[in-house]
Amino acid sequence: MGSGKSFKLVGMYYSLKMNTKVTVGVFKSEVDIRTNTTISTRAPLTLEINGTITDTSDISRENYDILLIDEVQFISPKQIENIRLHAQTHDVYCFGLLTDHTAVLFPGSKRLVELADNVIQINDFCIPCSICTHYRAILHKKRSFSESDVGAEYDHVCWKCFCEKDLIKNKNG
C-alpha cells in the first residue's frame, strides 16, 4: 500500500537474474485480485509470476533456488508452515503487510513472523510525523473500520495519526 514492498520484490528479482546464476520463482497469493499473472508496482513495473499459492499448493515441489512471494498476508497459516519447511533447503523472501487497517495482524503474517528467521520492515513516511507503521481506511473523508467499505482508500500513517478519530485533512489537501 505504497511503501514499496512489490517494488522491492521486483528489484530483487532483476538483481538476482542479472548478477547470479540462481533460478528464481515468483509467486503470490491467489487472493491478490489486482492482476492475475503479474506483480505490479506503482513505479510502474510489472513482473510475470510463476504461480499462485492456494490452500492446496505444494510449494515443496517448486524447483527454484530462491522463491519470492508477494502478498503473503493473504496466505493461510498452514501454507506459511509449508513455505517455512521449504525454506530449510531454499532461500525464500516474503513480502506483504503485517496488519490490516484496524491494526490486527493478518493470520498469514502472524504465522510468518512466528516462524521467520528474519523480519525486515519496509518503511514509508508520515509527513510531518515519523515513520509509518499502520494503514487506515478512509471513506468519504472519514475513518472507516468496516471490512466491507467498497471504494475506501488507504492512508499509510504513523501510530499517532492512526489513533486520530477523524481526519484533519484528506490526502488531496
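So the sequence shown is residues 13 to 185, counted in this note's numbering.
Positions of the beta carbon are idealized from the N, C-alpha and C atoms, including for glycine.
As the structure is a prediction and not an experimental result, all values here were calculated from the model.
Exposed or buried, residue i, counting other C-beta atoms within 10 Å across all chains shown (16 or more means buried)?
i, result
"E104", "A small correction: the amino acid at residue 104 is Val; Glu does not occupy that position in the sequence shown. Classification of V104: buried, given that the 10 Å Cβ count is 16 or more."
"S72", "exposed"
"C173", "buried"
"S27", "exposed"
"T145", "buried"
"Q91", "buried"
"N182", "Only weak support is given to the placement of N182: the predicted model assigns it a pLDDT of 42, under 50, and the value that follows is read from those uncertain coordinates. That one is exposed."
"V116", "exposed"
"L79", "buried"
"K17", "buried"
"I132", "exposed"
Quick check on DSSP: helix, strand or coil for residue i?
i, result
"Y105", "strand"
"G63", "strand"
"I81", "strand"
"H168", "strand"
"G37", "strand"
"F137", "strand"
"L124", "helix"
"I51", "strand"
"I150", "strand"
"I9", "Nothing in the structure corresponds to residue 9, since the chain is present only between 13 and 185."
"I143", "strand"
"L117", "strand"
Less than 8 Å separating the beta-carbons of residue i and residue j?
i, j, result
"N85", "F137", "The residue you asked about is not Asn; residue 85 is Gln in the sequence shown. In this structure, F137 does not lie closer than 8 Å to Q85 by Cβ."
"S88", "G120", "yes"
"R155", "V169", "no"
Next on the checklist: Within 8 Å, do at least three Cβ pairs link the stretch 58–78 to the stretch 30–39?
Outcome noted: yes
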